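Everything on this sheet refers to the single structure shown next.
Protein chains in written order, with my numbering: chain L, 17 to 199; chain Y, 17 to 199.
What follows is the structure, given as structure tokens:
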């Protein structure tokens, strides 16, 4: 993928907001063939079936020690680095889509393995591995992946996701349970 | 804010991807004046100075028990609900911007307090409180907030955020440390 396009993707991650502007998110790019091969080896088997076709592979990492820990009124604190990395991933996906690209984040990978690929220390957390590139033809995929790629997007009805003023049982039920009931 | 616009914001959160399509993210909307007042009381003092002017206030929550826990090759597992909620927040911000709105997530709040506003159980985590609305005139803000609002966006140089093939000391240094050095 062209360097200019990659640069726009990194900028989308860079401008993502963080509480206190701590910017704990890092981007680990597998640039050389050796790095790419090592990163692919760190993916789950399912992801190894399709991700190697993407021209751009990188990991989204976070340095929790860089981040703030917002405090509740009672003095307990909360970690926000994973949310911060997530916001950056959301920004990245929107920017990729606007460029006619796809950025597909994966959670199926070996975290110690990905750290080892880049020589990142143990206190750096790996949130996602992202495959990015131009959309391809689903017909080029194996049958099971092609079916997945062309299936309609399945999402819960909004009533399960949104609570107006009051949390209720409708919000408490999980997507897994709802899909089991509808099967 | 018009119900149709709000609906588009909830849809942006709803379509955000999650590993295994678990959709652990929930939206807790302070709709009545009582809920709004209670939610505002749960904000940090700094946020109470500006957020009440927003026509729409809501919390982004997550139900960790709904979510998957991806497994490393050695059998350890990772929690991904906070990243999932973050991706949804990133989607929300992009959608709000596309609509000419602003969606401003805050981490400065009291988590038990926000849960209490909505009667959400203890195992529901609150990731952010979001103030959304049309952009206002910075001149209407108190002087310190107006300065903050109109200041240029300050972000680290990309070399600190992006590692090509190899993690380095340039990636390890925190935004806080870099800004201290440049002061």
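We treat Cβ as the ideally placed atom computed from N, Cα and C, and that holds for glycine. Quick caveat: nothing in here was measured; it's all calculated off a predicted structure.
Chain L contacts from the segment 146 to 165 of chain Y (Cβ-Cβ distance under 7 Å): Here the close residues number zero.
Using 8 Å as the cut-off, can you tell me whether the segment 28 to 43 of chain Y makes contact with the segment 96 to 114 of chain Y, which would need three or more C-beta pairs spanning the two stretches below that distance? A contact exists between the segment 28 to 43 of chain Y and the segment 96 to 114 of chain Y.
In chain order, which continuous runs of the alpha helix (DSSP H) of length 4 or greater are located wholly inside the segment 18 to 104 of chain Y? DSSP runs (the alpha helix (DSSP H)) wholly in the segment 18 to 104 of chain Y: 19 to 30, 49 to 57 and 61 to 64.
Find the residues of chain Y that neighbour residue 45/L, judging by a C-beta separation of less than 8 Å, and give them in chain order. Chain Y residues near residue 45/L: 178, 179, 180 and 181.
Any chance the segment 75 to 87 of chain L sits against the segment 141 to 157 of chain L, with 3 or more Cβ pairs inside 8 Å? Flag = yes, the segment 75 to 87 of chain L and the segment 141 to 157 of chain L touch.
Look at residue 88/Y and residue 126/L and say whether their C-beta atoms are less than 8 Å apart. For the 8 Å CB-CB criterion, residue 88/Y and residue 126/L form a contact.
Under three-state DSSP, which class holds residue 155/L? Looking at residue 155/L - three-state DSSP - the assignment turns out to be helix.
Three-state secondary structure (DSSP) of residue 128/L: In this structure, DSSP gives residue 128/L a helical state, which the three-state scheme calls helix.
Can you pull the DSSP bridge partners for residue 148/L? 72/L and 119/L, per the DSSP bridge assignment.
Is there a Cβ of chain L sitting closer than 8 Å to that of residue 119/Y, yes or no? When Cβ-Cβ separations below 8 Å define contact, residue 119/Y makes no contact with chain L.
Under 9 Å (Cβ pairs) to chain Y, residues found in the segment 79 to 102 of chain L: Against chain Y - using a Cβ distance shorter than 9 Å - the residues of the segment 79 to 102 of chain L are 79, 81, 82, 83, 84, 86, 87, 88, 89, 90, 92, 94, 95, 96, 97, 98, 99, 100, 101 and 102.
How big is the Cα-Cα spacing for residue 107/L and residue 28/L? Their Cα atoms are separated by approximately 6 Å.
Within the continuous alpha helix (DSSP H) that includes residue 178/Y, where are the two ends? For residue 178/Y, there is no enclosing alpha helix (DSSP H); the residue is part of the beta strand (DSSP E) that begins and ends at 178 to 180.
Secondary structure at residue 172/L, three-state DSSP: helix, strand or coil? In the three-state DSSP reduction, residue 172/L falls in the coil class, being neither helix nor strand.
Output the distance between the C-alpha atoms of residue 189/L and residue 197/L, rounded to the nearest integer angstrom. Rounded to whole angstroms, the gap between the alpha carbons of residue 189/L and residue 197/L is 11 Å.
I'd like to know whether the C-beta of residue 73/Y is nearer than 8 Å to at least one C-beta of chain L. Output row for residue 73/Y: interface = no.
Does any residue of chain Y have a CB that is nearer than 8 Å to the CB of residue 128/L? So, interface residue.
Could you tell me whether the segment 174 to 184 of chain Y touches the segment 17 to 32 of chain L, using the rule of 3 or more Cβ pairs below 8 Å? Flag = yes, the segment 174 to 184 of chain Y and the segment 17 to 32 of chain L touch.
Compare the C-beta of residue 170/L with all C-beta atoms of chain B and state if any pair is closer than 8 Å. Absent from the structure is chain B; the protein chains it does hold are L and Y.
Does any residue of chain L bring its CB to less than 8 Å from the CB of residue 135/Y? True, the Cβ-Cβ gap to chain L drops below 8 Å.
Rounding to the nearest angstrom, what Cα-Cα distance links residue 1/L and residue 113/Y in this structure? Because residue 1/L is not part of the residues shown, which for chain L are 17 to 199, the question remains open.
Compute the distance between the beta-carbons of residue 168/L and residue 162/L, then report whether it is under 8 Å. No Cβ-Cβ contact shorter than 8 Å links residue 168/L with residue 162/L.
So is residue 84/L buried or exposed if we call it buried at 16+ other beta carbons inside 10 Å? Buried, because 16 or more other Cβ atoms sit within 10 Å of the Cβ of residue 84/L.
Residue-level contact to chain L via CB, residue 31/Y, 8 Å cutoff: With a threshold of 8 Å between beta carbons, residue 31/Y makes contact with chain L.
Just to confirm the assignment, what range does the alpha helix (DSSP H) spanning residue 185/Y have? Residue range 185 to 188 is occupied by the alpha helix (DSSP H) that includes residue 185/Y.
Cutoff 6 Å; reference residue 97/Y; Cβ partners in own chain excluding five residues on either side: Within the same chain, residue 97/Y has close Cβ partners 40, 78, 80 and 83.
Is residue 141/Y helix, strand or coil by DSSP? Residue state, collapsed to three classes: strand.
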